[in-house]
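Novice: Here the sequence shown is numbered in UniProt numbering, starting from 1 and rising by one per residue.
The beta carbon of each residue, even a glycine, is placed where N, CA and C say it ideally should be.
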Amino acid sequence: MAFGFQLDNSIPIESWFDNPDDRELLTLLPLLESLVGANDVRPRISKKFNFCEKVAVVATSASCLSFH
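1. Using only the alpha-carbon positions, how far apart do P30 and E53 sit?
2. So for A38, helix, strand or coil by DSSP?
3. Please report the Cβ distance between residue 69 and D18, rounded to the nearest whole angstrom; I am assuming they are in contact, meaning their Cβ atoms lie under 8 Å.
4. Can you tell me the Cα-Cα spacing of L32 and V58, whole angstroms?
5. Pick out whichever of L35, G37, T60, I13 has its Cα sitting closest to the Cα of L26.
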């Protein structure tokens, strides 16, 4: 996943590399259609995928590791 620093704008999708039969974008249509008309899609995306909380959990776990 390459979301960078825009987690609330991020929608996960499987890689299309080496897959000539890729149809992944079609699976996004219902989600994208549900966002039509939203003044700001970030709250809806954040609620659905909860990436900020997941990253915070990983960051907290990583900070507990000791490297010697």
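Specialist: Taking the coordinates as given:
1. Numbered from its first residue, the sequence shown carries residue 30 at position 30. Numbered from its first residue, the sequence shown carries residue 53 at position 53. Rounded to whole angstroms, P30 to E53 spans 24 Å at the Cα level.
2. In the sequence shown, counting from the first residue as 1, residue 38 sits at position 38. Here A38 sits in coil by DSSP.
3. This structure cannot settle anything about residue 69, because the visible part of the chain is limited to 1 through 68.
4. Numbered from 1 along the sequence shown, position 32 holds the residue referred to as residue 32. Numbered from 1 along the sequence shown, position 58 holds the residue referred to as residue 58. Each residue's Cα considered, the two are about 28 Å apart.
5. In the sequence shown, counting from the first residue as 1, residue 26 sits at position 26. If we check each option's Cα against that of L26, I13 comes out closest.
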